[in-house]
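Worksheet: the structure to be examined is printed underneath.
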Amino acid sequence: MYLLIASKCLKGLKWGPFFNFKLNIISISSKYYLCFMLGVVVKSTGSWYRVRLDDGTYHQSRIKGKFRIGGLKSTNPISVGDRVKLSLEGNDYLINEILQRKNYIIRKSVNLSKQVHIIASNIDQAFLIVTLVSPFTSTGFIDRFLVTAEAYQVPTIIVFNKVDLYDEFDRAYHDEVVKVYSDAGYECVEVSALNQQNISLLKERMKDNVTLLSGHSGVGKSTLVNAIDPNLDLLTQQVSDAHQKVCTPLLLQRCLN
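Numbering-wise (my numbering), the sequence shown opens with residue 1 and increments by one.
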């Protein structure tokens with residue numbers, strides 16, 4: 001009401017055009033500001049991204065324009081874990097900006113050796129899921145992941161899954177491997193998703209943290225997540241020798257909300 005009265009008074013003083021111009025700027029600026037929303041990327045599939053907004057809702061989004069972060073040549077400019085700014089244009093949610101990353105972890109692109117693939121960003125810690133049987137995880141693979149995690153300042157816990165499958169020789173080898181990494185300062189946790197062994201310990205380690213789960217296909221990442229929070233109900237897969245070298249990361253965020 002007061003704004004309307006002021007407008008009429010200013011028009012009487014022949015300030016109307018100027019006042020209307022200023023009002024339009026305020027209106028446009030307010031609308032522009034209110035259209036922006038903040039959220040975190042929880043899933044990446046090609047050119048589409050699933051974003052959890054700060055109000056708890058989930059939306060399929062896509063990139064508006066092109067992004068290049070700090071000259072980093074990556075196959076995926078936006079990764080799981082990124083904090084992003086979105087706008088709603090019509091019925092489409094568009095990612096306009098990536099907020100500054102606290103950290104991120106990368107690996108070399110499978111197809112383009114000169115580029116990298118960002119596994120995840122803004123991570124508090126990583127769980128490297130390792131199995132010494134069905135399938136076998138080599139110490140070389142463990143070392144490469146740990147070196148990368150150290151380079152990007154991501155604390156890592158080594159989680160040995162499927163310990164319920166060990167025979168006498170597997171147990172002896174397991175103890176040797178654990179000693180090596182424990183002596184190097186890494187926390188090593190024995191778990192069995194099948195028997196719920198030490199699942200409560202993993203829950204405790206995850207509390208108030210954004211956690212990256214990484215490891216070969218078939219080591220039991222999805223099974224572990226389902227054991228930690230059955231409500232997530234992630235699909236599991238059978239172990240295949242042809243896919244043992246594929247590293248499929250999983251970022252646990254919904255467990256923390």
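The beta-carbon is built from N, C-alpha and C at its ideal position, and this holds for glycine as well.
Inspect the beta-carbon positions of residue i and residue j and report whether they are closer than 8 Å.
i: residue 40; j: residue 81; result: yes
i: residue 149; j: residue 156; result: yes
i: residue 61; j: residue 86; result: yes
i: residue 128; j: residue 159; result: yes
i: residue 143; j: residue 211; result: no
i: residue 263; j: residue 131; result: There is simply no residue 263 to check, as the chain begins at 1 and stops at 257 in what is shown.
i: residue 214; j: residue 126; result: yes
i: residue 163; j: residue 191; result: yes
i: residue 122; j: residue 107; result: no
What residues in its chain sit with their C-beta under 6 Å from that of residue i, if we drop five residues either side in the sequence?
i: residue 260; result: It is not possible to answer for residue 260, since the shown part of the chain is limited to 1 through 257.
i: residue 236; result: Because the pLDDT of residue 236 is 46, which lies under 50, any placement of that residue in the model is unreliable, and the question is left without a value.
i: residue 11; result: Confidence at residue 11 is low in this model, with a pLDDT of 49, below 50, so its placement is unreliable and the value that follows should be read with caution. Excluding positions up to five away in sequence, the list is empty.
i: residue 187; result: 157
i: residue 145; result: 128
i: residue 204; result: none
So, with DSSP's three-state summary, where would you put residue i?
i: residue 169; result: helix
i: residue 227; result: helix
i: residue 202; result: helix
i: residue 187; result: strand
i: residue 210; result: coil
i: residue 162; result: coil
i: residue 108; result: strand
i: residue 222; result: helix
i: residue 192; result: strand
Under 8 Å Cβ to Cβ from residue i, same chain only, skipping five residues before and after it: list those, please.
i: residue 120; result: 79, 80, 81, 104, 105, 212, 249 and 251
i: residue 59; result: 39, 50, 51, 53, 86 and 93
i: residue 36; result: 85, 86, 87 and 96
i: residue 166; result: 132, 133 and 174
i: residue 48; result: 60, 61 and 62
With a threshold of 8 Å between beta-carbons, can residue i be considered close to chain B, or not?
i: residue 141; result: In the displayed structure, chain B is absent; only one protein chain is listed.
With a CB to CB cut of under 7 Å and the five nearest residues on each side skipped, what residues in its chain are close to residue i?
i: residue 227; result: 193, 196 and 199
i: residue 170; result: 132 and 133
i: residue 27; result: For residue 27, the pLDDT reaches just 40, beneath the cut-off of 50, and the residue's location in the model is therefore unreliable, although a value from the coordinates is still provided. Within the same chain, residue 27 has no close Cβ partners at all.
### Message
List, from N- to C-terminal side, the beta strand (DSSP E) runs of 3 residues or more that fit wholly inside the stretch 41-92.
### Response
48-53, 58-63 and 83-89
### Task
Tell me, please, whether the stretch 169-189 touches the stretch 87-98 by the rule of three or more beta-carbon pairs shorter than 8 Å.
no
### Query
Is there contact between the stretch 130-137 and the stretch 191-200, where contact requires at least three CB pairs shorter than 8 Å?
no
### Task
For the stretch 115-146, list the beta strand (DSSP E) runs that are entirely contained and at least 3 residues long, ordered along the chain.
116-121 and 125-130
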